[in-house]
Amino acid sequence: MVPSGWGNAKGVRKFFALLTYKQNDRPFCRLFVSVSPASGPHNSRLLRGGVINTPTQLIVKCVRDTYKSKNFSKIKWDCIHNDILNTLDKFHAKEILKIVSIVSRLHSGKSILTQFIPVLKSRLCSMNYDQVVRIMSSYVKANITDDLFYADLCAVVRKYYQHVAAPPLINLLFNINMCSVKNDNIRCVERELVDHLMGNIHFDGLANGCSSEAQSEPSRKGDPTKEGKNNFNANKLEEQDEMYIPRTNLHDVGKYDLILFFYSFSNYVFLDYFKNAERSSPRDDFAKKLKTCHDAVSKVCQSHEQRLLKESPPFYLFLLYKAILNEIYILEGEATGIVLMDRVKDKINKVMGALQNRESSSKKGKTNEIVKYINILQQNLFLYSQNRKNFFISHFESNLQLVKELLSLLQDSNHSDMNRYYLWHREKVQEVQKIIRLIEME
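Numbering (our numbering), first residue to last: 166 to 607.
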């Protein structure tokens, strides 16, 4: 029998029944030793293969395992959705963060994210800075629109981002640039993150494969995000010593983080340049920083140790392609951008060849993979067409052709039947097709 404290969590009951079912004439160990709220920490409740101490941890595990299965099941996600709603106020901050980061990648996860907003608003002051940044990043990625909630999130992020490691900040900046959620608070955060990261990422050291720890400030209390803290009152925004994250992390930017930042910054500068069309060139400080970022990426690509282009998954190659396109458009075809572009295009041609391989045409997740690439490539495509510069025409046409080829691959793998797409894939494909029609009508 399921403990009464679990409420009506049907999905959890099914999972519990599975775990207590007999295997080889021997039953599994009971999921719980005790379910009494007063049983105390000495009464640990063990799950084979790991420790599950609470019903909420089991729900988090169900969310993670269901997502990893790669087989979308509306019935299963509806069941998990009900379990989460029945347990909303019982999740700890780390559990909420894990759920939010997963469901933000799913079209069907928007309702879960919306339901979590009141809980998150009431707990912002008990979360550490890193968690708040990650939560904001997830909500932006999912295109959740709630100006009041973003006002609260942005207030925390703007006040404390200097104490957050670079990778979560870069991820937030990337999602702001990739997604359509925009308001004044988010724009302020975006502008401040750009300035902060450009001033604190050690590009030269990164390009040379060096560490910059000696230049960073020492930590006063260590990293408060480590697992194992039992004092839930320790991570409060008011207690700055407990919340301090060493600035060393600002220099420890990985190669993929560098690509994310290069794309985000190039997109930010491109949109600023395009909005201020009366200027014949980008702001000097932006142009200089963009070149600095490009040089760092180029050096890493040439490094025998990191081999960025050889090791990068296709997702990052397409991002790098778009970042260089933005740079070429802004800086009007400087040779440095074109040299790197040629190397990236060679790698992308190999990716396209693999996608066209019939043996992989039935590969699970292929539609989702291609839609991701299309979403990257269509960024700024219409804006490129609005002000077509002669030196940029060939790059623009190559970009447009890549989008068309990927759309053609999608149609082939789905037998030209739009009903075979999930709703969210269909919406994205129709949006891109509309952009292409507008471009070709000009």
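Note that beta-carbon positions come from the ideal geometry of N, C-alpha and C, so glycine has one too. No experiment lies behind these values; they were computed from the predicted model shown.
*Buried/exposed call for P283, threshold 16 Cβ in 10 Å*: exposed
*Go to F430, then tell me how far its alpha helix (DSSP H) extends in each direction, as first and last residue.*
420-440
_F557 to S234 span [Cα, whole Å]_ = For F557 and S234, the distance between alpha carbons rounds to 43 Å.
*Leaving out five residues on either side along the sequence, give the residues of the same chain with a beta carbon under 6 Å from the beta carbon of A379.*
Caution applies to A379, whose pLDDT of 29 falls short of 50 and renders its modelled position unreliable; the model cannot decide the point.
*Report the option in L548, I335, D460 whose CA atom is closest to the CA atom of R299.*
I335
*Integer Cβ distance of K454 from M343, believed to fall under 8 Å*: Not a contact, Cβ separation roughly 20 Å.
*Can you tell me whether DSSP reads V536 as helix, strand or coil?*
helix
_For V509 and L546, which I take to be in contact (beta-carbon distance under 8 Å), what is that distance rounded to the nearest angstrom?_
Their Cβ separation, rounded to whole angstroms, is 17 Å, which puts V509 and L546 out of contact at 8 Å.
*Just how far apart, CA to CA, sit Q566 and M301?*
Near 34 Å, if we compare the C-alpha coordinates of M301 and Q566.
*Using the Cα positions of S431 and E492, report the straight-line distance between them to the nearest angstrom.*
6 Å
*Tell me whether P347 sits in a helix, a strand or coil according to DSSP, three-state version.*
A quick correction: the sequence has Lys, not Pro, at residue 347. Note: K347 maps to coil in three-state DSSP.
*Quick one: Cα of Y232 to Cα of R553, how far?*
42 Å
*With a CB to CB cut of under 6 Å and the five nearest residues on each side skipped, what residues in its chain are close to Y325?*
Non-local C-beta neighbours of Y325 in its own chain, meaning closer than 6 Å and more than five positions away in sequence, comprise Y294, ordered along the chain.
*Short check: CB of K464 to CB of Y428, under 8 Å?*
no
_Suppose you measure from the CA of I245 to the CA of L262; what does that come to, to the nearest Å?_
For the pair I245 and L262, the Cα-to-Cα distance works out to about 16 Å.
*Does the distance from the CB of I341 to the CB of V305 come in under 8 Å?*
Cβ distance < 8 Å, so I341 and V305 count as in contact.
*Would you please state the rounded distance, in angstroms, between the beta carbons of L289 and D312? I believe it to be under 8 Å.*
With a Cβ gap of about 16 Å, L289 and D312 do not count as contacting.
*K275, DSSP secondary structure in three states*: Look at K275 here: in three-state DSSP terms it is helix.
_Assumed close pair V516, Q543 - CB separation to whole angstroms, cut-off 8 Å_ = No, V516 and Q543 are not in contact; Cβ-Cβ is about 17 Å, not under 8 Å.
*Under a three-way DSSP split, which group does S291 fall into?*
helix
_For T279, the nearest candidate out of E260, L253, K259 (CA to CA)_ = L253
*Taking V354 and R323 to be in contact with their CB atoms under 8 Å, please state how far apart those CB atoms are, rounded to whole angstroms.*
6 Å between Cβ atoms; contact.
*Out of E562, C227, S238, V321, state which residue places its alpha-carbon closest to the alpha-carbon of M292.*
V321
*asked:* Measuring only the C-alpha atoms, how far is L285 from W589?
replied: 26 Å
*asked:* For V225, count the other beta carbons within 10 Å of its own beta carbon; 16 or more makes it buried, fewer makes it exposed. Which is it?
replied: By the neighbour-count rule (16 or more Cβ atoms within 10 Å), V225 is buried.
*Whole angstroms is fine: what's the gap from P411's alpha carbon to K259's?*
With a pLDDT of 34 at P411, under the threshold of 50, the predicted position of this residue should be treated as unreliable, and no value is reported.
_Using a Cβ-Cβ cutoff of less than 8 Å, which residues in the same chain neighbour E357 once the five nearest sequence positions on both sides are dropped?_
R323, Y326, listed in sequence order.
*Can you give me the Cβ contacts of K275 inside the same chain, cut-off strictly under 7 Å, excluding the 5 residues immediately before and after it?*
A307, I309
_Do I535 and L575 count as a contact pair if the criterion is CB distance below 8 Å?_
yes
*Tell me whether H459 sits in a helix, a strand or coil according to DSSP, three-state version.*
helix
*Just tell me which of H459, V504, D450, I424 has its CA closest to the CA of P479.*
I424
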